[in-house]
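Data block below; observations after.
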């Protein structure tokens with residue numbers, strides 16, 4: 128790794144770490160929501176919306192700092208992509224939670240819990256990896272594992288789709304569950320995009 | 128603000144202003160379409176398609192100039208993102224209008240008019256703001272207001288979704304209206320993206 | 128055209144050409160799939176998935192090289208966008224194929240074959256154009272023709288949508304075919320994005 132001769136703004140690392148912690152909160156609340164009854168779901172939905180607002184503030188802080196900082200710890204574009212992708216993870220999880228409440232979907236297939244468990248694991252790994260951006264230490268395990276998780280999420284998603292079309296006969300119920308399941312798949316894709324951006328950053332630094 | 132010592136191509140400002148004026152035309156025609164009968168809707172749809180073609184030409188002019196200009200008034204990436212986002216606003220409005228005609232949807236919920244009114248207001252604000260990019264004058268009011276409008280659009284959208292699933296029992300009718308409503312929400316998001324790009328540009332200049 | 132005084136990494140051209148050849152394979156297999164029975168479709172689906180994996184590897188090679196190369200044959204951003212858009216073409220075609228198998232859709236409207244024929248032609252043109260990036264020779268015919276094809280695809284797509292909503296009365300069947308048709312339209316859009324990126328690169332070089 129190159130020796131740093133120019134002082135570089137380190138607070139980006141803190142901001143990314145903060146942003147990622149909201150993802151853990153969001154993913155765990157989503158897991159809680161699945162097991163809850165309808166009125167508790169509404170209350171959990173509000174807490175996920177709060178987490179989303181805080182993540183949004185964290186994103187804006189990164190963007191503002193990026194626009195006003197001359198020397199950045201890595202490529203401006205990569206910082207922008209990393210912050211946006213972290214934000215997308217949260218947005219998709221919040222949208223899924225919101226639809227579960229809005230559509231009053233009582234029973235969701237068991238595979239939806241599998242999807243959310245993958246998101247919880249991806250969120251944890253992401254939160255653990257963000258502070259390591261400073262030292263670029265053992266990041267490859269993180270992105271390899273998140274890519275593996277995304278493949279797993281994709282398989283669950285395709286099986287879920289086949290199951291929905293095989294089993295659900297009410298088209299409106301089908302539309303509701305399909306949309307929720309797709310938001311969760313979008314969230315898994317967003318976690319993969321975060322991991323790929325970290326890989327890009329690490330390759331440039333190596 | 129920094130003093131400009133290098134001459135900078137000013138026609139970008141004119142091109143952005145021209146592009147935004149098509150958005151006002153498009154949004155207003157969309158409003159007219161909602162109140163019209165089926166045959167008038169078809170005719171209005173053609174005028175929206177014309178506006179979309181002209182906006183497309185404006186976008187291509189910006190992109191061509193961008194690829195052939197060495198010194199640009201602000202970051203190349205920001206010019207690209209601004210032109211693309213303005214183009215997206217128009218595309219989504221045109222797609223919504225096209226679906227209204229194509230799906231022969233006669234009655235749309237009242238909240239769809241609320242969505243379109245938000246778009247009309249966002250289009251006006253955007254068209255007023257574009258010429259001010261030259262002086263960077265009082266742009267913050269613009270982006271704050273468009274962000275507020277997008278929040279409002281998002282709330283209308285979520286209420287509309289809940290209403291559709293509560294009230295519409297014909298699944299095919301539901302699919303049609305839902306898709307139209309989502310294109311309008313995509314348009315509101317695109318207006319927010321324009322405003323966020325303007326904010327980025329302004330922050331870099333300040 | 129400018130004289131090159133700096134040596135530039137030429138293998139990017141080979142990598143783009145390799146990536147585009149997988150698109151021809153994918154589009155042709157998709158065409159075969161439409162005429163096949165259900166069990167053959169499954170087998171063809173696996174071959175499309177294989178082509179998608181190989182295209183994915185080609186994309187990763189380009190990205191890795193991009194991150195580790197100092198002097199690139201054209202703008203880094205354009206290389207990134209070109210590789211991503213080529214990858215998107217494949218992904219959407221593979222998703223469409225996967226849904227045809229997953230949803231066990233037996234009969235698809237004739238216009239779906241028209242959509243796929245447009246994709247086959249776009250894939251061929253793209254594969255022929257990629258090696259010409261080296262000399263920048265007669266690329267304008269390519270991007271003009273792919274833009275024309277995308278317009279044609281768009282028209283077919285809109286007619287297909289109108290036809291589906293006019294003719295299909297089973298909402299679940301409608302949802303299935305609509306989703307497949309939209310993935311094919313996404314693929315056509317991705318081919319246009321590839322052509323627009325090539326145009327951008329050529330304009331900068333001229």
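Protein chains in written order, with the numbering used here: chain A, 128 to 333; chain B, 128 to 333; chain C, 128 to 333.
Just so you know, even glycine gets a beta-carbon here, dropped at the ideal spot from N, CA and C.
| For residue 312 of chain C and residue 280 of chain C, believed in contact at Cβ under 8 Å, the rounded distance | 6 Å
Handout entry: Beta-carbon spacing of residue 157 of chain C, residue 243 of chain C below 8 Å
Key = yes
message = Please state whether the Cβ-Cβ distance between residue 245 of chain B and residue 288 of chain B is less than 8 Å.
response = no
- [ ] Indicate the three-state DSSP secondary structure (helix, strand or coil) for residue 253 of chain C in the structure shown.
- [x] helix
Checklist line | Contacts that residue 201 of chain B makes with chain A (C-beta to C-beta distance below 8 Å) | finding: Neighbours of residue 201 of chain B on chain A: none; closest Cβ ~11 Å, over 8 Å.
Note to self: At 4 residues or longer, what runs of the alpha helix (DSSP H) sit wholly inside the stretch 191-247 of chain A?
What the structure shows: 203-229
Item to check | C-beta atoms of residue 298 of chain B and residue 236 of chain C nearer than 8 Å | outcome: no
| field | Element boundaries [alpha helix (DSSP H), containing residue 298 of chain C] | value | 298-332
Discussion item. Please state whether the Cβ-Cβ distance between residue 230 of chain C and residue 139 of chain A is less than 8 Å.
Written reply: no
So, for residue 223 of chain B: in the same chain, excluding its five sequence neighbours on each side, which residues have a beta-carbon less than 8 Å away from its beta-carbon? 157, 307, 310, 311 and 314
What residues in the stretch 312-331 of chain B have a beta carbon less than 7 Å from any beta carbon of chain A? 327, 330 and 331
Please compile the residues from chain B whose C-beta is within a distance smaller than 9 Å of the C-beta of residue 230 of chain A. 288, 289 and 292
- Task: Round the Cβ separation of residue 213 of chain B and residue 321 of chain B to the nearest angstrom and send it over; I've been treating them as touching at under 8 Å.
- Result: 6 Å
For this session: Could you check the C-alpha separation between residue 166 of chain C and residue 172 of chain C for me, to the nearest Å?
Result: 10 Å
Exercise for review: Using the Cα positions of residue 190 of chain C and residue 153 of chain C, report the straight-line distance between them to the nearest angstrom.
Suggested key: 21 Å
Would residue 73 of chain A count as contacting chain C if we go by Cβ distances under 8 Å? One cannot answer for residue 73 of chain A here, as it falls past the ends of chain A, which runs 128 to 333.
Notebook entry, point to check: By the criterion of Cβ-Cβ separation under 9 Å, what are the contact partners of residue 298 of chain B in chain A?
Noted result: 297, 298, 299, 301 and 302
| said: Quick check: is the beta carbon of residue 225 of chain C nearer than 8 Å to any beta carbon in chain A? | reply: yes
message = With distance defined between alpha-carbon atoms, name the residue in C/328, C/144 and C/301 nearest to residue 232 of chain C.
response = C/301
_Below-8 Å beta-carbon distance, residue 195 of chain C vs any chain A residue_ = yes
8 Å Cβ cutoff met for residue 238 of chain A and residue 283 of chain A | yes
- Which chain C residues are close to residue 168 of chain B, counting only those with a beta carbon under 7 Å from its beta carbon? Under the 7 Å cutoff, chain C gives no residues; its nearest Cβ is about 14 Å from residue 168 of chain B.
Tell me whether the stretch 323-333 of chain B and the stretch 200-218 of chain B touch, counting them as touching only if at least three CB pairs, one residue from each stretch, are closer than 8 Å. yes
How many Å lie between residue 176 of chain A and residue 304 of chain C at the Cα? 34 Å
Beta-carbon within less than 7 Å of residue 169 of chain B's beta-carbon, same chain only, minus the 5 sequence neighbours each way: which residues are those? 228
**OP:** Determine the burial state of residue 122 of chain C: buried for a count of at least 16 other Cβ atoms within 10 Å of its Cβ, exposed for fewer.
**Re:** Residue 122 of chain C is absent from the model: chain C starts at 128 and stops at 333.
- prompt: When you compare only the Cα positions, how much space is there between residue 317 of chain B and residue 150 of chain B?
  reply: 11 Å
Note to self: Does any residue of chain A have a CB that is nearer than 8 Å to the CB of residue 191 of chain C?
What the structure shows: yes
Exercise. For residue 319 of chain B, which residues of its own chain have a beta-carbon under 7 Å away from its beta-carbon, when the five flanking residues on both sides are left out?
Worked result: 273, 274 and 277
Spatial distance of residue 263 of chain A from residue 225 of chain A (CA atoms): 36 Å
Close beta carbons around residue 266 of chain C, own chain, < 8 Å, minus the five adjacent residues each side
256, 259, 260, 325, 326 and 329
- Message: Helix, strand or coil for residue 129 of chain B? Go by DSSP, reduced to three states.
- Response: The predicted model places residue 129 of chain B with a pLDDT of 44, which falls under 50 and marks its position as unreliable; any figure quoted below should be read in that light. Note: residue 129 of chain B maps to coil in three-state DSSP.
Exercise for the section: Return the chain-ordered list of same chain residues with a C-beta closer than 8 Å to the C-beta of residue 148 of chain C, the five sequence neighbours on each side being excluded. Expected result: 254
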